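Chains as they are written, first to last, in full-length UniProt numbering: chain A, 1 to 178; chain B, 1 to 178; chain C, 1 to 178; chain D, 1 to 178.
Cβ atoms here follow ideal geometry from the backbone N, Cα and C, with glycine treated the same way.
Given the structure is predicted, the values throughout are model-derived calculations rather than measurements.
Report on the structure given below.
4 protein chains.
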Amino acid sequence: MKLAVIHGSTRANGNTEYLTYRAVPKEKATHIYLRDYQIQPIIDERHEKNGFQDVYDDHTKVIDLMLEHDVLVFSTPIYWYSMSGAMKIFIDRWSQIMRDPDYTHFREELGKKKAYLVAVGGDNPHIKGLPLIQQFKYICDFYGMSFEGYVIGKASKPEDIRNDQKALQAASSLIKEY
Amino acid sequence: MKLAVIHGSTRANGNTEYLTYRAVPKEKATHIYLRDYQIQPIIDERHEKNGFQDVYDDHTKVIDLMLEHDVLVFSTPIYWYSMSGAMKIFIDRWSQIMRDPDYTHFREELGKKKAYLVAVGGDNPHIKGLPLIQQFKYICDFYGMSFEGYVIGKASKPEDIRNDQKALQAASSLIKEY
Amino acid sequence: MKLAVIHGSTRANGNTEYLTYRAVPKEKATHIYLRDYQIQPIIDERHEKNGFQDVYDDHTKVIDLMLEHDVLVFSTPIYWYSMSGAMKIFIDRWSQIMRDPDYTHFREELGKKKAYLVAVGGDNPHIKGLPLIQQFKYICDFYGMSFEGYVIGKASKPEDIRNDQKALQAASSLIKEY
Amino acid sequence: MKLAVIHGSTRANGNTEYLTYRAVPKEKATHIYLRDYQIQPIIDERHEKNGFQDVYDDHTKVIDLMLEHDVLVFSTPIYWYSMSGAMKIFIDRWSQIMRDPDYTHFREELGKKKAYLVAVGGDNPHIKGLPLIQQFKYICDFYGMSFEGYVIGKASKPEDIRNDQKALQAASSLIKEY
């Protein structure tokens, strides 16, 4: 089982990463930091005569890396009660990938993977983070990915997460695949 | 009452816009198309010593325009069971605005406004769009904005929305302020 | 197409019924009022050696009636942000029906039906009624019933619903089957 | 701090109780088993000229007991993606209590309490139990009760819950008040 963590934080070594490393230590997975890649927001050209125009950025680089792994851990701070913009931009572009002749296998490949979610927010995340959990479930369902579990942490200021003992404990037993 | 519509579609004259114009005809409001503005995703620098660095893009232009109105209609296609990346990027940056010395009144001003949501999706949006509704409610609650109503439409291919008579009808009676 | 409406109101001619008749006029369907039947809450005996003990009440009468129809409209006031106790008691007992040797076809039969929901609440039902919508979707999914649509109305005092023009309008175009 | 646990299970010593005792050992709280009390479903007579008629059952006995405590743990199996009928019947009747001249202090008293939820289901409860969490949050909000936390367990057959190590662990650190 090969694990990849896809980090949607824009801040290095923040609370979300801290909690995520508790779930997946650095050496146990490929850690992909979306902030290290240039990824453009999608422009919906599904219905253009010539379909999507090529976008010259790093999106397929991340997609390729992601597809090499069996278990995907999505890690995101909760911004305005959903995933970070960086994570959303990355996922929005999957609509383009699905129409890319080089990725006709994309949906089927994702359908073989297992997914986890780690999310950290400051404003009552155990309640106000639930729409994100539900949204993520729908994304998994679309691809036939198995949504294996999630951990929600509460933190706002730097290092806050160290006080969320319940989340740290839950994270440490989140992943079943190693 | 001054109305503004904030459009999160990346495609002009698509289904979401069509439904939105049924709720708010072009001449009845200021229509702001986020795709016409350059807006960078947020980089979380809340906890940096010097706070957020200035970002030279169009974000405050849209914010200023938005603040001049009393009723805000957010219009977004449903991408992956939430708002479009374009809309999310715009809203994520509100975290930066709140720490901007020029916008100390931002939260309070939003708290005086009324908000509506128009959302269109192709995959069972009346169920799978509900996390977006809930998320939007939490955003409104944060600012004390009054969430006055929403319409969900079902459409996938161009012009599909014209067949969603229920949504068109609901949109036409959505806004109470004119 | 034979329609049945299952009414979970405990009060006759209340707001929920008013809205429901707008969706399904009295003469267009079999109207089943749960308050007219004696139905006991379930006692979970799934794991007893002899399984469920017979319950001598009207539950199977309602079940039999329900199964004779193709389209089921569930109508319930929103009590404490979910269906009424009367409706919940009725549905809880389905767990017993599924283990009843006389109803081995129950799950499969329900899977052929179409379902609608009409719900009326007084406390921001368009937001706080959403968990009920989601719950109802899960129930339908369990049986493979097709959840065709829902209407949410806002009313608290008697006759309030007459002022909810949007809900009345939406109800009048809810059912596609006649 | 006085703790009470309100058990909505209809089966003694089932999975939900097992998990709940991990959160609140028997000797640390008053354990109230709703199945030991006769409680009638509400009949909505809010709008009758003379209001609610007296109901001669055990409801106020449980209410009185509940009100003597500071922390309330609601424990329920997940039946059809929400609380058990027994629990729903109990809570539905709160609408009657609020209009009872002997309980004019009811809402205010509840507003001083802290609440927890323990819920156990068999069908993907970490996703399909979320509407129940949200519903429970709305109930707490109505009264101004502080919703302090919840644990969801997965179990179907007797003793299944013993295998849900994550839930058992989470339950053991759920309650902050002792």
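- Not a single CB atom of chain C sits nearer than 8 Å to the CB of Ile152 of chain D.
- DSSP places Ile97 of chain B within a helical segment (H, G or I) once states are collapsed to three.
- A straight line joining the alpha-carbon of Asp160 of chain C with that of Lys154 of chain C spans about 8 Å.
- For the C-beta of Ser173 of chain A, the chain D residues within less than 9 Å are, from N- to C-terminus, Gln165, Lys166 and Gln169.
- Annotation: Cβ neighbours of Asp92 of chain B in chain A (cutoff 8 Å, chain order): Tyr79, Trp80, Ser84 and Gly85.
- Shortest Cα-Cα distance from Glu48 of chain D to any of C:Ala23, C:Asp54, C:Gly14 and C:Asp57 involves C:Gly14.
- Taking the beta carbon of Arg11 of chain C as reference, the chain D residues within 7 Å of it are Asp44, listed in sequence order.
- Taking a Cβ-Cβ cut-off of 9 Å, Pro125 of chain A has no neighbours in chain B, whose nearest Cβ is about 11 Å from it.
- Arg35 of chain D is a Cβ neighbour of Ala86 of chain D, given a cutoff of 8 Å.
- Contact check for Thr16 of chain A against Val120 of chain A passes: the beta carbons are separated by less than 8 Å.
- For Tyr138 of chain B, the secondary structure class from DSSP, reduced to helix, strand or coil, is helix.
- Annotation for Val5 of chain B: the continuous beta strand (DSSP E) segment containing it runs Leu3 to His7.
- Beta-bridge partners assigned by DSSP to Leu117 of chain A: A:Phe74 and A:Tyr150.
- Apart from sequence neighbours up to five positions away, the residues of its chain that approach Lys114 of chain B with a beta-carbon distance below 6 Å are Val71, Ser146 and Glu148, ordered along the chain.
- For Thr104 of chain D, no alpha helix (DSSP H) segment is defined, and its DSSP state is neither H nor E.
- For Lys113 of chain A, none of the residues of chain B pass the 7 Å Cβ criterion, the least Cβ distance being about 16 Å.
- Annotation: Leu67 of chain D has no Cβ neighbours in chain A at a cutoff of 9 Å; minimum Cβ distance is about 25 Å.
- Excluding residues up to 5 positions away in sequence, Tyr143, Gly144 and Met145 lie with their Cβ nearer than 8 Å to the Cβ of Gly111 of chain A in the same chain.
- Interface annotation, Gln134 of chain B: in contact with chain C, CB-CB separation under 8 Å.
- Straight across, the Cα-Cα distance linking Ile32 of chain C with Ile6 of chain C is about 5 Å.
- In this structure, Ser156 of chain B places its C-beta atom within 8 Å of the C-beta atom of Gly122 of chain B.
- In this structure, Lys2 of chain A lies away from Glu108 of chain A, with their beta-carbon atoms at least 8 Å apart.
- Beyond the five residues adjoining it in sequence on each side, Phe136 of chain C comes within less than 6 Å, by CB distance, of Leu117 in the same chain, given in chain order.
- The stretch 88–95 of chain B makes contact with the stretch 71–83 of chain A; the number of CB pairs closer than 8 Å reaches 3 or more.
- Beta-carbon to beta-carbon, Arg99 of chain C and Ile39 of chain C are separated by about 17 Å, too far to satisfy the 8 Å threshold.
- Residue environment analysis places His59 of chain C among the buried positions, since at least 16 neighbouring C-beta atoms fall within 10 angstroms of its C-beta.
- In the DSSP assignment, Ile89 of chain A falls within the unbroken alpha helix (DSSP H) covering Gly85 to Asp92.
- Excluding five sequence positions before and after Lys28 of chain B, the CB atoms of its chain that fall closer than 7 Å to its own CB belong to Leu3 and Tyr178, given in chain order.
- C-alpha of Tyr21 of chain D to C-alpha of Gln96 of chain C: approximately 27 Å in a straight line.
- Inclusion of Ile63 of chain B and Thr10 of chain A in the CB contact set at 8 Å is not warranted, their separation being larger than that value.
- For Thr30 of chain D, the enclosing beta strand (DSSP E) begins and ends at Thr30 to Tyr33.
- Judged by DSSP secondary structure, Glu45 of chain C falls outside any alpha helix (DSSP H); it is assigned neither H nor E.
- Straight through space, the alpha carbons of Pro101 of chain C and Val24 of chain B are spaced by roughly 57 Å.
- Leu19 of chain A is positioned such that its CB atom lies closer than 8 Å to that of Leu168 of chain A.
- From the listed residues C:Asp57, C:Val73 and C:Ile175, the smallest Cα separation to Gly8 of chain C is found for C:Val73.
- Per DSSP, the unbroken alpha helix (DSSP H) holding Met66 of chain B starts and ends at His59 to Leu67.
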